[in-house]
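Residue numbers (the working numbering): 1 to 398.
Rendered as structure tokens:
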């Protein structure tokens, strides 16, 4: 059986796909399992770790409700990857110029595009939807400076934290481009706004929540319908953001590499999102907070840390996981703890062979702060099969 632990005592059980579970994550999973809107069981993926309210690496099926804080504020965060016709032996001896080319082409961290190079064509189909949302909830626009332009300028930008762009080699020496990003500032504003709305609704209903971040919106209410529209819009924005970034990256590296073509269809998948799906004969809202869809035959991306391997996988459609799998290695310690425990020398040693930043500004992203990706993959052998194994050679951090 793929389930390694069964937590009982709530309204529904929690099925955990790893033997390793930190105490705080366990408490969060138990809290979710007590909610009256959760259906069947909660699934915890092998990369599970404590988050805000809901656990990162959890799959939460709800009936007639959605928990906005479980979706989170990085709505639609996910991965994009594609394979190129180039092989390892065609790459230059030094990779620094490739990293520099990407960093010059893609805004990272708090940076965004200027008026002259904004991705307006990608934003055009999204403009009316955002206008509808903001017209009903004008406070969302007030949560950002220059809101009419900012979401456009941030299209095709990476963001910060654990977002990244990588060049990788697979087991046959083929070059891949892979990136990790989400819905940027506008998604964050939408998430924060509706999390607050859910808390307001719960204060009126007084359901005695085990955690205020587990407040939900009830289907049939106006605010629920507005959230469904808004979260769907943010997920579409995140998808488009990754697609635009990928095109910008390809153009940037063409100037540094021999002529190449894209040889595989791009995989573009969310791992922080909610979607209506059918499981166990029921129509449910499935929230994947740090998990990807792994329906039978479906391709997905599971990245490791910037000094480890990553995987292209094919789903097996395991019902007990709600056809889901892990979204990455998963943190095993907080950013603060990583900075306290490790040194600059540790970072250099653990990213040997990878062209990347090696300064203290990315110390919290040191590989040892993450779980062993190979252990994560072993724990989910019943959920997915590995199609390609990728090794990072260039990494750009936000």
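Glycine residues also receive a C-beta, built at the ideal position from the N, C-alpha and C atoms.
Have a look at residue i and residue j and give me their C-alpha separation to the nearest angstrom.
{"i": "residue 26", "j": "residue 254", "result": "47 Å"}
{"i": "residue 144", "j": "residue 199", "result": "21 Å"}
{"i": "residue 349", "j": "residue 305", "result": "14 Å"}
{"i": "residue 48", "j": "residue 17", "result": "9 Å"}
{"i": "residue 236", "j": "residue 381", "result": "30 Å"}
{"i": "residue 292", "j": "residue 83", "result": "20 Å"}
{"i": "residue 387", "j": "residue 168", "result": "15 Å"}
{"i": "residue 336", "j": "residue 226", "result": "36 Å"}
{"i": "residue 192", "j": "residue 157", "result": "21 Å"}
{"i": "residue 91", "j": "residue 260", "result": "11 Å"}
{"i": "residue 185", "j": "residue 232", "result": "15 Å"}
Please classify residue i: is it buried, with 16 or more other beta-carbons within 10 angstroms of its beta-carbon, or exposed?
{"i": "residue 93", "result": "exposed"}
{"i": "residue 262", "result": "exposed"}
{"i": "residue 164", "result": "buried"}
{"i": "residue 392", "result": "buried"}
{"i": "residue 204", "result": "exposed"}
{"i": "residue 28", "result": "buried"}
{"i": "residue 353", "result": "exposed"}
{"i": "residue 180", "result": "buried"}
Taking residue i as the reference, give the member of the options with the closest Cα.
{"i": "residue 161", "options": "182, 126, 394, 354", "result": "182"}
{"i": "residue 270", "options": "391, 298, 95", "result": "298"}
{"i": "residue 78", "options": "377, 290, 390, 370", "result": "290"}
{"i": "residue 36", "options": "216, 323, 223, 322", "result": "216"}
{"i": "residue 187", "options": "63, 346, 29, 71", "result": "71"}
{"i": "residue 123", "options": "239, 13, 4", "result": "239"}
{"i": "residue 117", "options": "81, 104, 15, 129", "result": "104"}
{"i": "residue 152", "options": "3, 115, 344, 360", "result": "115"}
{"i": "residue 196", "options": "172, 137, 175, 171", "result": "137"}
{"i": "residue 119", "options": "56, 245, 231", "result": "245"}
{"i": "residue 41", "options": "206, 51, 279, 228", "result": "279"}
{"i": "residue 358", "options": "127, 257, 327, 347", "result": "347"}
{"i": "residue 355", "options": "146, 339, 98, 313", "result": "98"}
{"i": "residue 315", "options": "327, 308, 309", "result": "327"}
In the DSSP assignment, find the unbroken beta strand (DSSP E) run with residue i in it and report its ends.
{"i": "residue 369", "result": "Segment: none, residue 369 is in no beta strand (DSSP E) and carries neither H nor E."}
{"i": "residue 385", "result": "384–397"}
{"i": "residue 49", "result": "42–49"}
{"i": "residue 312", "result": "309–315"}
{"i": "residue 331", "result": "No beta strand (DSSP E) holds residue 331; DSSP gives it neither H nor E."}
{"i": "residue 291", "result": "291–293"}
{"i": "residue 52", "result": "Residue 52 -> no beta strand (DSSP E), and no H or E assigned at all."}
Using the three-state DSSP reduction, which class does residue i fall into: helix, strand or coil?
{"i": "residue 261", "result": "coil"}
{"i": "residue 113", "result": "coil"}
{"i": "residue 224", "result": "helix"}
{"i": "residue 253", "result": "helix"}
{"i": "residue 151", "result": "helix"}
{"i": "residue 174", "result": "strand"}
{"i": "residue 65", "result": "strand"}
{"i": "residue 16", "result": "strand"}
{"i": "residue 347", "result": "helix"}
{"i": "residue 24", "result": "helix"}
{"i": "residue 59", "result": "strand"}
{"i": "residue 244", "result": "helix"}
{"i": "residue 358", "result": "coil"}
For the alpha helix (DSSP H) that residue i lies in, which residues bound it at each end?
{"i": "residue 195", "result": "184–205"}
{"i": "residue 133", "result": "120–136"}
{"i": "residue 77", "result": "Unbroken run through residue 77: none, as it is neither H nor E."}
{"i": "residue 104", "result": "96–105"}
{"i": "residue 339", "result": "335–341"}
Is any heavy atom in the ligand SAH found nearer than 7 Å to the beta carbon of residue i?
{"i": "residue 120", "result": "Looking for the ligand SAH in the displayed structure turns up nothing, as the structure carries no ligands at all."}
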